[in-house]
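The block underneath contains the structure these notes are about, expressed in structure tokens.
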Amino acid sequence: MDLCNSLHPVPSAWLGESDLATFVPAYVQRLVSRRYAVATVRVYVHCVAHFAHWTHHCRLFAEDITDDVVQCFLDKHLPICKCSTPVQRSRHQVRAALRQLLSTLVDQGVLSNDTSHDRVETQLAQFNIYMKDARGLAESTRTRRLSVIRSLLRMRLAVDANTNEMAVPSADELRQFISRELKRISPASASSLAGALRGYLRFLAISGARVEHLLPIIASPACWRLASLPQTLSQSEIEQLLEAFPPEIPSHRRGYAMVRCLVDLGLRECEVTNLELDDIDWQAGTLRINKGKAHGMRRTWLKGASCKV
């Protein structure tokens, strides 16, 4: 059944952004082999696309999907869902569709019933208790951090499923994980990634693990809020501003004088509003500025049209 190529553009795009798209043909084949009606198969694929859209934004991979993840989608997202149509919000339909998805992932070898899953979830449960009780983090923050650490631990087990040190990654593994994640997330999400990893290492340290050598690997993403030059008004815009004080408006002289202080002297807003007549020395041609940025007193020269004002 060539259903994938005839999907509505919205669910098709949702599948395209998720790694679950790889398993949709096998999913459809599973339903067809069990004699599901064509209309039902289409509805189920739409349910999977909706779920894939949600898991993509939750930063979950196919190997991260569990019964608990499906339950979270049903309990927390579906009741408040505002995703674009066409979308299936019938709980029993979505639950049935995702149950078939879990079975498909098991058939494809993505999910298994071995003990590695239990080991990861046990570690995550302990980390969640630490974040809740010791750190007081909100549920949304804990969910995001658990998603990051789940991916880290699963990558760790993929390298060596029999390791006894599953909880503590090596330096190379941590670098590899960070490099992989930075390729798929936005720069704005890098801070969240770093926070999750640092929080997990703190949890390991409290548990007695040696993680001091791992901390320098997690670099803080650059966030230079003031790196660019400040935006300024053009000369024509300044002229329009200075002409915006006709005599008929109240206190037009005072407003014009304040703007001249901003334009000619480069004073800050708070410095202009705190000026008094006694701060002006007309003979020396200076202006005393109190309560400036440095919380002290300084003097500046009167210049330009400010002197005439």
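Numbering of the sequence shown is given in the working numbering, commencing with residue 2 and proceeding in unit increments.
In this text, a Cβ means the ideal position worked out from N, Cα and C, and glycines have one as well.
Looking only at its own chain, which residues have a Cβ that is under 8 Å from the Cβ of residue i, when we skip the five neighbours before and after it?
{"i": "Phe178", "result": "Ser152, Leu153, Met156 and Pro170"}
{"i": "Ala210", "result": "Ala168 and Val169"}
{"i": "Thr86", "result": "Val11"}
{"i": "His9", "result": "His47 and Pro87"}
Spatial neighbours of residue i within its chain, please: C-beta separation below 6 Å, excluding the five flanking residues on both sides.
{"i": "Leu112", "result": "Leu106"}
{"i": "His51", "result": "Val88"}
{"i": "Ala191", "result": "Pro222"}
{"i": "Glu64", "result": "Val111 and Arg155"}
{"i": "Leu21", "result": "Ala53 and Ala63"}
Does the distance from the C-beta atom of residue i to that of residue j stay below 8 Å?
{"i": "Ile218", "j": "Leu175", "result": "yes"}
{"i": "Val121", "j": "Leu158", "result": "yes"}
{"i": "Ile290", "j": "Thr274", "result": "no"}
{"i": "Phe128", "j": "Phe62", "result": "no"}
{"i": "Leu234", "j": "Leu242", "result": "yes"}
{"i": "Leu198", "j": "Ile186", "result": "no"}
{"i": "Val11", "j": "Val49", "result": "no"}
{"i": "Ala40", "j": "Trp15", "result": "no"}
{"i": "Met259", "j": "Gly200", "result": "no"}
May I have the straight-line CA-CA distance separating residue i from residue j, to the nearest angstrom?
{"i": "Ala97", "j": "Ile150", "result": "29 Å"}
{"i": "Thr116", "j": "Thr123", "result": "Note that Thr116 has pLDDT 48, beneath the 50 cutoff, so the model's placement of it is unreliable and the number below is only indicative. Approximately 11 Å, taken between the alpha carbons."}
{"i": "Ala189", "j": "His57", "result": "16 Å"}
{"i": "Glu238", "j": "Val264", "result": "12 Å"}
{"i": "Leu138", "j": "Gln236", "result": "50 Å"}
{"i": "His253", "j": "Leu268", "result": "19 Å"}
{"i": "Gln109", "j": "Ile66", "result": "13 Å"}
{"i": "Leu288", "j": "Asp279", "result": "9 Å"}
{"i": "Val70", "j": "Ser13", "result": "22 Å"}
{"i": "Phe77", "j": "Thr144", "result": "The sequence as given places Lys at residue 77; Phe does not occur at that position. Cα-Cα distance, rounded: 12 Å."}
{"i": "His93", "j": "Ser180", "result": "39 Å"}
{"i": "Leu32", "j": "Gln232", "result": "59 Å"}
{"i": "Leu99", "j": "Trp55", "result": "13 Å"}
{"i": "Phe246", "j": "Glu18", "result": "55 Å"}
{"i": "Leu125", "j": "Glu213", "result": "21 Å"}
{"i": "Asp215", "j": "Asp173", "result": "Here the sequence assigns Leu to residue 215, which means Asp is not the residue at that position. The straight-line gap from Cα to Cα measures roughly 10 Å."}
{"i": "Glu270", "j": "Thr142", "result": "38 Å"}
{"i": "Ile250", "j": "Leu276", "result": "22 Å"}
{"i": "Gly196", "j": "Glu140", "result": "15 Å"}
{"i": "Ser104", "j": "Ala220", "result": "39 Å"}
{"i": "Ala27", "j": "Gln72", "result": "23 Å"}
Could you round the C-beta distance between residue i and residue j to whole angstroms and report it? I think they count as a contact, below 8 Å.
{"i": "Val46", "j": "Val29", "result": "7 Å"}
{"i": "Arg90", "j": "Leu79", "result": "6 Å"}
If you count every other CB in all the chains shown that lies within 10 Å of the CB of residue i, and 16 or more means buried, which is it?
{"i": "Thr261", "result": "Here residue 261 turns out to be Arg, not Thr, going by the sequence shown. By the 10 Å Cβ count, Arg261 comes out buried."}
{"i": "Glu272", "result": "buried"}
{"i": "Met298", "result": "exposed"}
{"i": "Leu202", "result": "buried"}
{"i": "Arg255", "result": "exposed"}
{"i": "Trp283", "result": "exposed"}
{"i": "Glu182", "result": "buried"}
{"i": "Arg136", "result": "exposed"}
{"i": "Arg35", "result": "exposed"}
Is residue i near the ligand FMN, in the sense that its beta carbon is under 7 Å from a heavy atom of that ligand?
{"i": "Ala63", "result": "Inclusion of the ligand FMN in the displayed structure is not the case, the ligand content being empty and no account of it being possible."}
Apart from the five residues just before and just after residue i, which ones in its own chain have a Cβ nearer than 7 Å to its Cβ?
{"i": "Asp134", "result": "none"}
{"i": "Leu303", "result": "Gly286, Thr287 and Leu288"}
{"i": "Cys59", "result": "Ser148"}
{"i": "Cys84", "result": "His51 and His54"}
{"i": "Val95", "result": "Cys48, Leu75, Leu79 and Gln89"}
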